[in-house]
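Reading through the structure tokens given below for one structure.
Number of protein chains: 2
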Amino acid sequence: MSTTGDNEVIRTLLAHRSIRKFKPDPVTDEQLNLIVAAAQAASTSSNIQAYTVIGITDPERRQRFAELTGNQRHVAECPLFLIWCADLHRLELAVQGQGEQEMHQNMETLLLATVDASLAAQNAAVAAESLGLGIVYIGGIRNNPDAVVTELGLPSLSYPLFGMCVGVPDQSPDKRPRLPLEAVYAHDAYPSDAKLKEQVEKYDDELSGYYAVRSGGARTSNWSIEMASRLKENNLRGHMAEHLTKQGFKLK
Amino acid sequence: MSTTGDNEVIRTLLAHRSIRKFKPDPVTDEQLNLIVAAAQAASTSSNIQAYTVIGITDPERRQRFAELTGNQRHVAECPLFLIWCADLHRLELAVQGQGEQEMHQNMETLLLATVDASLAAQNAAVAAESLGLGIVYIGGIRNNPDAVVTELGLPSLSYPLFGMCVGVPDQSPDKRPRLPLEAVYAHDAYPSDAKLKEQVEKYDDELSGYYAVRSGGARTSNWSIEMASRLKENNLRGHMAEHLTKQGFKLK
Numbered sequence: 001m002s003t004t005g006d007n008e009v010i011r012t013l014l015a016h017r018s019i020r021k022f023k024p025d026p027v028t029d030e031q032l033n034l035i036v037a038a039a040q041a042a043s044t045s046s047n048i049q050a051y052t053v054i055g056i057t058d059p060e061r062r063q064r065f066a067e068l069t070g071n072q073r074h075v076a077e078c079p080l081f082l083i084w085c086a087d088l089h090r091l092e093l094a095v096q097g098q099g100e101q102e103m104h105q106n107m108e109t110l111l112l113a114t115v116d117a118s119l120a121a122q123n124a125a126v127a128a129e130s131l132g133l134g135i136v137y138i139g140g141i142r143n144n145p146d147a148v149v150t151e152l153g154l155p156s157l158s159y160p161l162f163g164m165c166v167g168v169p170d171q172s173p174d175k176r177p178r179l180p181l182e183a184v185y186a187h188d189a190y191p192s193d194a195k196l197k198e199q200v201e202k203y204d205d206e207l208s209g210y211y212a213v214r215s216g217g218a219r220t221s222n223w224s225i226e227m228a229s230r231l232k233e234n235n236l237r238g239h240m241a242e243h244l245t246k247q248g249f250k251l252k
Numbered sequence: 001m002s003t004t005g006d007n008e009v010i011r012t013l014l015a016h017r018s019i020r021k022f023k024p025d026p027v028t029d030e031q032l033n034l035i036v037a038a039a040q041a042a043s044t045s046s047n048i049q050a051y052t053v054i055g056i057t058d059p060e061r062r063q064r065f066a067e068l069t070g071n072q073r074h075v076a077e078c079p080l081f082l083i084w085c086a087d088l089h090r091l092e093l094a095v096q097g098q099g100e101q102e103m104h105q106n107m108e109t110l111l112l113a114t115v116d117a118s119l120a121a122q123n124a125a126v127a128a129e130s131l132g133l134g135i136v137y138i139g140g141i142r143n144n145p146d147a148v149v150t151e152l153g154l155p156s157l158s159y160p161l162f163g164m165c166v167g168v169p170d171q172s173p174d175k176r177p178r179l180p181l182e183a184v185y186a187h188d189a190y191p192s193d194a195k196l197k198e199q200v201e202k203y204d205d206e207l208s209g210y211y212a213v214r215s216g217g218a219r220t221s222n223w224s225i226e227m228a229s230r231l232k233e234n235n236l237r238g239h240m241a242e243h244l245t246k247q248g249f250k251l252k
């Protein structure tokens, strides 16, 4: 490993693009095993490993999940659809085996499980991409979380956090620019609103230019416009607290 | 990139160990820039980029954060301490710039920000390790989140999710075994309790053997025992819901 400069790992990380069109080639068992092994190697709070991932390859069931996630065609078409669940159920079984009646849980344990699932999934994504596969996260798995619970037989104290399409890419999308580094990283303290607004403005200009070039001038948008639209009440799955409560999570 | 088999990226992912002892060498600006660029390259829900990371290098402030995170010496000793925050504040600024009074938010937006911060942080961890650096996540940043807010000047709609020590490793810890793959990955549906209990038992045996060998027989523990202890009420930061509410998050 080099102690400085660029390397194959960083090149892989920086090359990430979400892939929404896949070749029909299956993900092999060897690839899947490496992907899950990489997921398991991620950090986990005090080794609690509070996540479970469920893989769907059957075309009819992929179609069913495509419907449940907002009719995203790539969910039906990807050869492997992974559903990442934040999961305290296995821990409860272990703890009960030690004679505890009920496992204590609260907002902190919900965060622990959510973070554990996310770190594992991101390692899986990186591993998949290093194998020449493409992925896209599917937040739409939270569109109908109760139906997903039924579909997968998820027990109490687990919930579907996001899906992930995996397969051989059949497209090569551009990389959309991100916020300036200074907008997401700060030294010593959180930046002032004035500085943030300046960075957002800079990014709005960059993204608006990017869209204009790619669309031959047809698309006029920027980050602030997109975010105002994205964060409208209708787009914000107002059922999640109720779903989590139904799954037995305590939001206190 | 190979289409199958092992590669440098997967080797890096599988080689992860948490590092809690660091050489005094600083993390260079070049390394930090690559680490943050890798973080920014991670997937983010609809490009919301709902996280901010704050870097601390000043020794006195690292000492202060060591105290706030449960007197973890490595927090004071690592040359760079990163604090990863789930952050909707920058989004609110952007949305307000579009003439919206207040950004809508709920449990879903809390999850979005928490996941975004986690995916970015895991990319940063992988990038750091590829550069020969070591890292450890510090959940202890949630021990005193209100004090962390004050220390960093965190605005409403952001909260400290975890810290991360970064530096040149001065130790080479063993890799503790994880749960069997079959315990965290399932095909088609969630596994039965009987199957999970079997896997947990297998893991308890493996981990108990691992501890016995490493401690010359002195340490008798296993995963279930550790989890029962870890998940006791006292260890589960009962203040997180209140903290989030104080930071303006809606838990509904």
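Chains as they are written, first to last, in UniProt numbering: chain L, 1 to 252; chain G, 1 to 252. Every residue gets a Cβ at the ideal spot worked out from N, C-alpha and C, and that includes glycine. Predicted model, so just to flag it, every value in this text is computed and none were measured.
Min CB distance residue i to chain G below 8 Å
i         : result
VAL115(L) : yes
GLN72(L)  : no
SER2(L)   : Low confidence applies to SER2(L): its pLDDT is 46, below 50, so where it sits in the model is not reliable, and the reading given next is rough at best. True, the Cβ-Cβ gap to chain G drops below 8 Å.
ILE138(L) : no
GLU226(L) : yes
ILE48(L)  : yes
VAL75(L)  : no
CB contact below 8 Å: residue i versus chain L
i         : result
ASP193(G) : yes
PRO155(G) : yes
TYR51(G)  : yes
ILE10(G)  : yes
ASP188(G) : yes
GLY55(G)  : yes
LYS21(G)  : no
SER118(G) : yes
GLU198(G) : no
ARG64(G)  : no
LYS232(G) : yes
LYS252(G) : yes
ASN7(G)   : yes
GLY134(G) : no
GLY167(G) : no
SER45(G)  : yes
ASN123(G) : yes
Test item: CB-CB of residue i and residue j under 8 Å
i         : j         : result
LEU251(G) : LEU244(G) : yes
ILE54(G)  : ALA241(L) : no
VAL148(G) : LEU181(L) : no
ARG214(G) : ASP174(G) : yes
TRP223(G) : TYR203(G) : yes
PHE65(G)  : ASP170(G) : no
GLY139(G) : LEU80(G)  : no
THR52(L)  : VAL184(G) : yes
ALA117(G) : CYS85(G)  : yes
LEU131(L) : PRO177(L) : no
LEU68(L)  : ASN144(L) : yes
HIS16(L)  : CYS165(L) : no
ALA125(L) : SER43(G)  : yes
ASP146(G) : ALA113(G) : no
ALA50(G)  : LEU82(G)  : no
ALA127(G) : VAL9(L)   : yes
LEU93(L)  : LYS197(G) : yes
Simplified DSSP assignment, three categories, for residue i
i         : result
ILE56(G)  : strand
ILE138(G) : strand
MET1(G)   : Bear in mind that a pLDDT of 43 at MET1(G), under 50, signals an unreliable position, so the model cannot answer this.
ASP188(G) : coil
PHE22(G)  : strand
ASN71(L)  : coil
GLY97(L)  : helix
ARG237(G) : coil
GLN122(G) : helix
MET103(L) : coil
THR28(G)  : coil
LYS195(G) : helix
Bridge partners - residue i, DSSP secondary structure assignment
i         : result
GLY167(G) : GLY134(G)
TRP84(L)  : VAL53(L) and PHE162(L)
Interfacial residues, the stretch 85-114 of chain G to chain L, with Cβ spacing under 7 Å | Within the stretch 85-114 of chain G, the qualifying residues are ARG90, LEU91, LEU93, ALA94, VAL95, GLY97, GLN98, GLU100, MET103, HIS104, ASN106, MET107, GLU108, THR109, LEU111 and THR114.
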